[in-house]
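Residue numbers (the working numbering): 1242 to 1645. Beta carbons are placed, not taken as given, at the ideal position from N, Cα and C, and that holds for glycine. All of these numbers come straight from a predicted model, not from anything done at the bench. Worksheet: one structure, shown below.
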Ligand code: PYC
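Written as structure tokens, this is what we have:
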């Protein structure tokens, strides 16, 4: 009989920290793991330590509602997220791991003339970039989502929608695990329960980090910590316009599959899809005030249920099984901050607000390229930190999916 103890572990036991690494990645979520993976796979850089204060994928990677799409408003955003969608499509093969990637089609409902105008705008920008997006009317929506009350119980009738056929969902933890295993198998060290407490510099250059397990020297540091970004950047006195707002979500009890599309309503501040386990995965807009917290509230579920029942009255007896919150690092223009910084050897991948999961592959790939070449990758050039000083913003508010 073959014992399961003979199988290699998915992840190894943790080792002591080495005194020096070429690259330290702060943050063991999807982005950090993806960057480690592409550094090793595409650039042969394997003297890398990923430091994670909690556990792999335990931050915003495991707290989002797993939507993948590229129907953004700006050409810069559309190109960037489209590259991500294409990478997602091949990820399971790449990892040899099922990430439950499921293309569902994505409806963003418009309940007002002005919302419909934004949908038309997004559709045209998308089509111009070769992305499948179109504005559809009530009849088409009713055909694809027959169980939805398009009249919203008389409150805010649906007038039309932006339909984005490539819209998908995936198993978010599997994405982080796949990247982590791929990075580890190529020689990257992953250190969970290792919190960075300071970043060491000499002049304008990064030379190492201090952690609650000891100090490490290194040549390059990449911060990929989403909601913890202000804690890390303050260690260097680096100013960014990021503010942290909680974003809450929940899942219902599992029910038989009935919802095979993703439905989003920016006006009602809700989004919903059905997971491969049958649970309805639901979320709302960010909480109204700045708060560094991952506590979820009764107010959130109550408000969400109120809006959700306008669209899906038959859900009134469904139970909510779990609820949680993530910390969204929101920028003023609703686009990320990526690339080099004024501190040599310190790279930033942040400002992921409510839109980070879908960027996991492309952010890992372009940040790895940027770090390997010490030059900002052209796809992320529009997202440079200096755009705020240059007044060269990438206004993505109209495509951020949820009201803010
Ligand atoms: O960007 O698609 C999105 C999204 C859905 C929920 C929160 N953000």
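Checking the 8 Å criterion, the Cβ of residue 1342 is out of range of every heavy atom belonging to the ligand PYC. Around residue 1441, the same chain offers 1448 and 1449 as residues with beta carbons nearer than 6 Å, after the five sequence neighbours per side are excluded. Secondary structure remark: continuous beta strand (DSSP E) runs of at least 3 residues inside the segment 1485 to 1555, in chain order: 1503 to 1506, 1511 to 1515 and 1521 to 1524. Collapsing the DSSP output to three states places residue 1397 in coil. At least one heavy atom of the ligand PYC lies closer than 8 Å to the C-beta of residue 1488.
Taking a C-beta distance under 9 Å as the contact criterion, residue 1621 and residue 1310 do not qualify as a contact pair.
Across the set 1576, 1605 and 1361, the C-alpha of 1576 shows the shortest separation from the C-alpha of residue 1629. Per the C-alpha coordinates, the member of 1388, 1532 and 1420 positioned closest to residue 1337 is 1420. Residue 1465 is bridged by DSSP to nothing; it lacks a bridge partner.
Looking at the DSSP output, residue 1564 shares a beta bridge with 1491. Comparing alpha carbon positions, the residue from 1584, 1581 and 1432 closest to residue 1255 is 1432.
Across the structure, residue 1553 and residue 1509 are spaced so that their CA atoms are roughly 12 Å apart.
Within the segment 1431 to 1458, the complete beta strand (DSSP E) runs of at least 3 residues fall at 1437 to 1443 and 1446 to 1452. A Cβ-Cβ separation of about 6 Å places residue 1321 in contact with residue 1603 under the 8 Å criterion. Per DSSP, the unbroken beta strand (DSSP E) holding residue 1261 starts and ends at 1261 to 1267. The C-alpha of residue 1264 lies about 11 Å from the C-alpha of residue 1464. Residue 1375 sits in a strand when the DSSP states are folded into three classes.
The beta carbons of residue 1462 and residue 1266 sit closer together than 9 Å. Sixteen is the threshold: when 16 or more other Cβ atoms of the shown chains lie within 10 Å of the Cβ of residue 1325, as they do, the residue is buried. Of the residues assessed, residue 1636 falls on the exposed side of the cut-off, its CB having fewer than 16 other CB atoms within 10 angstroms. Boundaries of the beta strand (DSSP E) around residue 1291: 1289 to 1292. Residue 1347 sits in a strand when the DSSP states are folded into three classes. Residue 1410 carries a strand assignment under DSSP once its states are collapsed to helix, strand and coil. Under the criterion of beta carbons closer than 8 Å, residue 1542 and residue 1571 do not qualify as touching, at roughly 22 Å. DSSP, reduced to helix, strand and coil, places residue 1581 within a strand of the structure shown. Within the model, the alpha-carbon separation for residue 1408 versus residue 1599 is close to 10 Å. When the beta-carbon positions are compared, residue 1413 and residue 1307 come within less than 9 Å of each other.
Relative to the ligand PYC, residue 1295 has its C-beta separated by 8 Å or more from all heavy atoms. CA-CA distance, residue 1605 to residue 1277, rounds to 7 Å. Going by C-alpha positions, residue 1498 is about 33 Å away from residue 1250. Taking the Cβ atoms as the reference, residue 1352 lies roughly 7 Å from residue 1506, within the contact range of under 8 Å. Every alpha helix (DSSP H) of 4 residues or more that sits fully in the segment 1291 to 1341 is shown, in chain order, as 1316 to 1336. Look at residue 1613 here: in three-state DSSP terms it is helix. A check of alpha carbon separations from residue 1610 across 1283, 1271 and 1314 identifies 1283 as the nearest.
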